[in-house]
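Protein chains in written order, with my numbering: chain A, 1 to 334; chain B, 335 to 578.
Cβ atoms here follow ideal geometry from the backbone N, Cα and C, with glycine treated the same way.
Being a predicted model, the structure only gives us computed values, none of them experimental.
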Amino acid sequence: MSAYTERSQGSPWADFLSEQAQVLSIAFFFLLCVVYFAATTDTFLTLGNLLNVIRQAAPILIVAVAMTFVIITGGIDLSVGSQVALVNAVAAIVLSAGLPWPMAVVAMLCFGALIGLGQGWFVAYQGIPAFIVTLAGLSMLRGVALYLTQGYSIPIQGVPGFFALGRGQLLGIPLPALIAIAVAILGYVVITATRYGRQVVAVGSNMEAARRVGMPARWTIASVYVVSGVASALAGLLIAARLGSGSSNAAVGFELQVIAAVVLGGTSLMGGRGTIVGTILGALTIAVIGNGLILMHISPFFTQIVTGAIILIAIWLNTRIFTANFRFGFGKGK
Amino acid sequence: MKPRISLRNIRKNFGSLQALRGVDLDIFPGECLGLVGDNAAGKSTLTKIISGTYIPDDGTIHLDGEPVRFSGPADARRRNIEMVFQDLSLCDHIDVAGNLFLGREITKGPFLDRKTMLSEARKMLDALEIRIPRLGRKVAQLSGGQRQAIAIARAASFDPKVLIMDEPTSALAVAEVEAVLSLINRVKATGVSVILITHRLQDLFRVCDRIAVMYEGTKVAERSIVETDLEDLVKLIVGEKDEK
Chain A
1 MSAYTERSQG
11 SPWADFLSEQ
21 AQVLSIAFFF
31 LLCVVYFAAT
41 TDTFLTLGNL
51 LNVIRQAAPI
61 LIVAVAMTFV
71 IITGGIDLSV
81 GSQVALVNAV
91 AAIVLSAGLP
101 WPMAVVAMLC
111 FGALIGLGQG
121 WFVAYQGIPA
131 FIVTLAGLSM
141 LRGVALYLTQ
151 GYSIPIQGVP
161 GFFALGRGQL
171 LGIPLPALIA
181 IAVAILGYVV
191 ITATRYGRQV
201 VAVGSNMEAA
211 RRVGMPARWT
221 IASVYVVSGV
231 ASALAGLLIA
241 ARLGSGSSNA
251 AVGFELQVIA
261 AVVLGGTSLM
271 GGRGTIVGTI
281 LGALTIAVIG
291 NGLILMHISP
301 FFTQIVTGAI
311 ILIAIWLNTR
321 IFTANFRFGF
331 GKGK
Chain B
335 MKPRISLRNI
345 RKNFGSLQAL
355 RGVDLDIFPG
365 ECLGLVGDNA
375 AGKSTLTKII
385 SGTYIPDDGT
395 IHLDGEPVRF
405 SGPADARRRN
415 IEMVFQDLSL
425 CDHIDVAGNL
435 FLGREITKGP
445 FLDRKTMLSE
455 ARKMLDALEI
465 RIPRLGRKVA
475 QLSGGQRQAI
485 AIARAASFDP
495 KVLIMDEPTS
505 ALAVAEVEAV
515 LSLINRVKAT
525 GVSVILITHR
535 LQDLFRVCDR
545 IAVMYEGTKV
555 AERSIVETDL
565 EDLVKLIVGE
575 KDEK
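Pasting the structure below:
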């Protein structure tokens, strides 16, 4: 009679690798881009250029962190670009009307929260798919911005405190970059270590299970749109402060860059799975590619083609190669 | 003895479908009630009403003699009614410990207290003799039996007054079924009222004190376990069809 023995356990290290495969692969991709541009251009690895990259990436990064929350719940927010434009325009209008800038900043963040709450209400409490609600938002909010400004760019003058938000530096690091880093750290802590973060993941993983254990499932879904509204408002303010004007034509195509960054970072569009670290790497990868191609004097029109191709290739690598049951070829065995 | 939970004339419609057509049921403390019936007889609907997942269209529920109306599953859970759902209701993307504490996370200040949850989760599983080596693993990576064991541990570990189990043994292996049955006997002994839905009729005779038979949204029979046998139960479940 043979003895009863325990089956040996796979090493925790292997478990860790398969769970973090998505983040590791985008990290690898990011480093590849950095090395490539460092080798092919003289200016890429200079401090000035790197600071410039993170300054320019700041709005995308801020909204991408919020978008990670939205996508983890299984939703999507297509309206972030239009929200940025609307806040951008309204901020310029209220500032030129003479509202003190700290008050304007707080008002704009509240305005963003309100827009998000409206969209979240339709998604969570009325059961309309997030894609539809935010597609409508994409059209309407940009429309409101255009209507308010009549399509003109509105200059902001004589508020140096506000401009510092977009142009200032602290210890040599651009202020928008510092704000983006703070937002990213906050997002990371909230999603991994707080009860609210756990609720966001639970709702995206299994909405009915979350409801049955007594989590405020609907409110959690609505709340992530408030988060993305506030983040969009913050991004809109940073852009207005950097450019010194507000325009309804700001941030066109912004939502696609943000969603690309999140998806590149390994967050699943089906909900439940996603990491802030992946999102940060995704956003930086997109920013580095855009910057590097310009430094290489490649046509800016080409950037879009390359960005799109890289998203496709990175996701392809993620789903085909960096998963546990890797197989190559076409339907041959398992 | 006063019933722990008492249902009177419970009705529930889904559109034109009459899922429950006036069900009366009493469950006493320390008792296991087996709920049997064909598919779509209304077993799951009835238990979901007790656990607050569905709100009945008509009828009354008394918990320990006091009339209650559950506003939702959270409300029922607050009153110590726990349910193991047929679909298990686990979050695949959250680890084992996180699923055990889903909805009642332990926090330290604003943050999740992962360490305490892990050690408490280990104690919970040990108490039920459930073997899951790594509690930091995502539930998606576990076997069907382990997932079911987690769902049962989650419901049984927080001092339930009423524990409802909808097909708790369907995905389990022999040893695990034995563990669940002995678990039911143990929690029964502590005064918990257990409601067990199962298609494995032989299990009923191991743990139940009474068996209620549902047919087409009504309760057609109630038998004490000593006055019935397998053959009798099968007849009650299929109804008059076999007599024709």
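Straight-line CA distance for alanine 455/B to arginine 488/B?
Those two C-alpha atoms are separated by around 9 Å.
Range covered by the alpha helix (DSSP H) that runs through glutamine 20/A:
Element bounds for glutamine 20/A: n/a, residue is neither H nor E.
Continuous beta strand (DSSP E) assignments of at least 3 residues falling wholly in the region 430-514 of chain B:
If we require 3 residues or more, the beta strand (DSSP E) runs fully inside the region 430-514 of chain B come out as 496-500.
Give a yes or no on whether the minimum CB-CB distance between phenylalanine 348/B and chain A is below 8 Å.
Chain A has no Cβ within less than 8 Å of the Cβ of phenylalanine 348/B.
In the DSSP assignment, what are the bridge partners of proline 401/B?
Its beta-bridge partners are His396/B.
In or out: glutamine 126/A buried (at least 16 other Cβ within 10 Å) or exposed?
So glutamine 126/A counts as exposed.
As an exercise, report each continuous beta strand (DSSP E) stretch of at least 3 residues that is fully enclosed by the region 224-269 of chain A, in chain order.
Taking only runs of at least 3 residues, no beta strand (DSSP E) segment lies wholly in the region 224-269 of chain A.
Give the residues from the region 412-430 of chain B that approach chain A closer than 9 Å (Cβ to any Cβ), ordered along the chain.
Going along the region 412-430 of chain B in chain order, one finds Arg412, Met417, Phe419, Asp421, Leu422, Ser423, Leu424, Cys425, Asp426, His427 and Ile428 with a Cβ nearer than 9 Å to chain A.
So, does the region 424-442 of chain B touch the region 194-204 of chain A, judging by three or more C-beta pairs under 8 Å?
Look at the beta carbons and you see the region 424-442 of chain B touching the region 194-204 of chain A: at least three pairs across the two are nearer than 8 Å.
Is aspartate 576/B close to chain A, meaning its C-beta is less than 8 Å from at least one C-beta of that chain?
At aspartate 576/B, the pLDDT of 49 sits below 50, so the modelled position is not reliable; the number obtained from the coordinates is stated separately. At a cut-off of 8 Å between beta-carbon atoms, aspartate 576/B makes no contact with chain A.
Looking at the C-beta of threonine 278/A, does it have a partner C-beta in chain B at a distance below 8 Å?
As written in the sequence, residue 278/A is glycine, which differs from the threonine given in the question. No Cβ of chain B is located within less than 8 Å of the beta carbon of glycine 278/A.
Residue-chain proximity (phenylalanine 445/B, chain A), Cβ-Cβ < 8 Å
Yes, its Cβ sits closer than 8 Å to a Cβ of chain A.
If the cut-off is 9 Å on Cβ atoms, which residues from the region 549-561 of chain B count as contacting chain A, listed in chain order?
So nothing in the stretch comes that close.
Spatially closest choice to glutamine 482/B from Ile415/B, Leu535/B and Ile466/B, by CA coordinates
Measuring from the Cα of glutamine 482/B, the nearest candidate turns out to be Ile466/B.
Indicate the three-state DSSP secondary structure (helix, strand or coil) for arginine 327/A in the structure shown.
At arginine 327/A the pLDDT is 44, less than 50, meaning the model places this residue with poor confidence and gives no usable figure here.
Assuming isoleucine 383/B contacts lysine 346/B (C-beta within less than 8 Å), just tell me the rounded distance between them.
Indeed they touch by this definition, with Cβ atoms about 6 Å apart.
In three-state DSSP terms, what is glutamine 83/A?
If DSSP states are grouped into helix, strand and coil, glutamine 83/A belongs with the helices.
6 Å Cβ shell around alanine 314/A - same chain, five flanking residues per side excluded
Counting only Cβ-Cβ distances below 6 Å, and skipping sequence neighbours, we find Phe29 and Leu264.
If you measure from the beta carbon of alanine 408/B to each beta carbon in chain A, is any gap under 8 Å?
Yes, alanine 408/B counts as interfacial toward chain A.
List, in chain order, every chain B residue whose beta-carbon is nearer than 7 Å to that of alanine 202/A.
Per Cβ cutoff of 7 Å: Cys425, Ile428 and Leu436.
Taking C-beta pairs closer than 7 Å, name the residues in chain A that threonine 387/B reaches, listed in chain order.
In chain order: Arg212.
At a cut-off of 7 Å, would you count isoleucine 181/A as near the ligand FMN, judging by its Cβ distance to the nearest heavy atom?
No copy of the ligand FMN occurs in the structure displayed, which carries no ligand at all.
Against chain B, with Cβ distances strictly below 8 Å, would glycine 168/A count as a contact?
No, glycine 168/A does not count as interfacial toward chain B.
By alpha-carbon positions, which one of Ile339/B, Lys522/B and Leu367/B ends up nearest to arginine 557/B?
When each option's Cα is compared against that of arginine 557/B, the closest is Leu367/B.
Report buried or exposed for isoleucine 132/A, applying the criterion of at least 16 other Cβ atoms within 10 angstroms of its Cβ.
For isoleucine 132/A, the number of other beta carbons within 10 angstroms of its own is below 16, and it is reported as exposed.
Which first and last residues belong to the alpha helix (DSSP H) in which arginine 413/B is found?
First-last for arginine 413/B: undefined, no H or E at that position.
Tell me whether cysteine 110/A is buried or exposed, calling it buried when 16 or more other Cβ atoms sit within 10 Å of its Cβ.
With fewer than 16 other Cβ atoms within 10 Å, it is exposed.
Taking three-plus beta-carbon pairs below 8 Å as touching, is the region 240-259 of chain A in contact with the region 63-70 of chain A?
In this structure the region 240-259 of chain A lies against the region 63-70 of chain A, because at least three pairs of beta carbons, one per stretch, are closer than 8 Å.
Three Cβ pairs or more, each shorter than 8 Å: is that satisfied between the region 231-244 of chain A and the region 54-64 of chain A?
Touching, per the Cβ criterion.
Under 8 Å, do glycine 74/A and methionine 215/A count as touching if we go by C-beta distance?
No.
Is the CB-CB distance between valine 94/A and alanine 107/A below 8 Å?
Cβ atoms of valine 94/A and alanine 107/A: closer than 8 Å.
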